[in-house]
Amino acid sequence: MSEAKVSHLSNYDLWESWKDGGQIEAKKQLIEQYLPIVDYVSNRLAIGLPKNVSKDDLASNGVMGLIDAIEKFDYKRGLQFETYASWRVRGAILDGLRQGDWVPRSVREKSKKIEEAYQQLEQRYLRNVTDAEMSQYLEISEKEFHQMLQDVAVTSVCSLEDPIRDEESETRLSLLIDEKAKNPDYKVNEFFLKESLVKGIEKLTEKERTVVSLFYYEDLSLSEIAEVMSLSPSRISQLHSKAILRLRGSLEKYKSQLLYN
413 MSEAKVSHLS
423 NYDLWESWKD
433 GGQIEAKKQL
443 IEQYLPIVDY
453 VSNRLAIGLP
463 KNVSKDDLAS
473 NGVMGLIDAI
483 EKFDYKRGLQ
493 FETYASWRVR
503 GAILDGLRQG
513 DWVPRSVREK
523 SKKIEEAYQQ
533 LEQRYLRNVT
543 DAEMSQYLEI
553 SEKEFHQMLQ
563 DVAVTSVCSL
573 EDPIRDEESE
583 TRLSLLIDEK
593 AKNPDYKVNE
603 FFLKESLVKG
613 IEKLTEKERT
623 VVSLFYYEDL
633 SLSEIAEVMS
643 LSPSRISQLH
653 SKAILRLRGS
663 LEKYKSQLLY
673 N
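Here the sequence shown stands for residues 413 to 673, where the numbers follow the working numbering.
Structure, rendered in structure tokens:
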């Protein structure tokens, strides 16, 4: 089929031409049509990343994820491609970031130290701990603690996408996906995961819960959240980092229950 004819096809016809007819021109048009998904996902993931991480690299990995999604998507099932593609694009970008070892070891160590501090102090006091208490526990000033939060903000992007165990590919986020499995082990793990996340979210401060809600459920950027909450972008970044680290601490506490035996 000629390029002129393909250009007038409907979205469904493009999928049909590519999947059933194997027409490369239809595939190219599908890629061009859904490229905004790559821009959207890569721009969101770019928030808080170090300056040495190129947005072009993020987009390049994202395009590979989009192409993979187009090749594997079954249009006959009536599912929404945008949702499917977003996860594929996001996964491809995160895989690229991990392979590039984009987070310095010192930053990962800071993140782990803060996460463990939250876990220890909240278990000791059975309440939200203050920045002053965290600073005292870590033996640093509050100003230095806030700077640590700013430094580790880059690690929160992949927190739920990171493997549960270093030697495995399964992530915490994968346990949230309903694959309609009948396996009772899956149901038990799903129950404990949701329970631990609910308990973790309940322990967050009101501002931290607001940031998490606006960022992950309303799809606002950190700068947009800053405008909504009348706070500086750096403060929103700190609140986001604190929330993610505390949630990771909650998941770590229930780790033995969350993992398959």
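Glycine included, each C-beta is placed from N, C-alpha and C at the ideal position. A quick note: this is a predicted structure, and the numbers were derived from the prediction, not measured.
- Here DSSP, grouped into helix, strand and coil, assigns Q492 to coil.
- At least 8 Å separates the beta-carbon of S662 from that of K619.
- If you ignore the 5 residues before and after F485, its C-beta comes within less than 7 Å of the C-beta of F493, Y496, all in its own chain and listed in chain order.
- The C-beta separation of M476 from A504 comes to about 5 Å, placing the pair in contact by the 8 Å criterion.
- L478 and V450 have their C-alpha atoms spaced approximately 7 Å apart.
- A residue is called buried when at least 16 other Cβ atoms come within 10 angstroms of its Cβ; K467 does not meet this threshold and is exposed.
- K654 places its beta carbon less than 8 Å from that of L561.
- Residue burial is scored here from C-beta neighbours: Y530 has at least 16 other C-beta atoms within 10 angstroms and is therefore classed as buried.
- Excluding residues up to 5 positions away in sequence, nothing lies with its Cβ nearer than 6 Å to the Cβ of E664 in the same chain.
- Taking the Cβ atoms as the reference, K522 lies roughly 24 Å from D469, outside the contact range of under 8 Å.
- The alpha-carbon separation between S642 and D631 amounts to approximately 18 Å.
- In the DSSP assignment, R621 falls within the unbroken alpha helix (DSSP H) covering 618–628.
- Under the three-state reduction of DSSP output, F557 falls in the helix class.
- Less than 8 Å separates the beta-carbon of L609 from that of L659.
- T622 is not a Cβ neighbour of N540, given a cutoff of 8 Å.
- Counting along the chain, R536 sits inside the alpha helix (DSSP H) bounded by residues 517–537.
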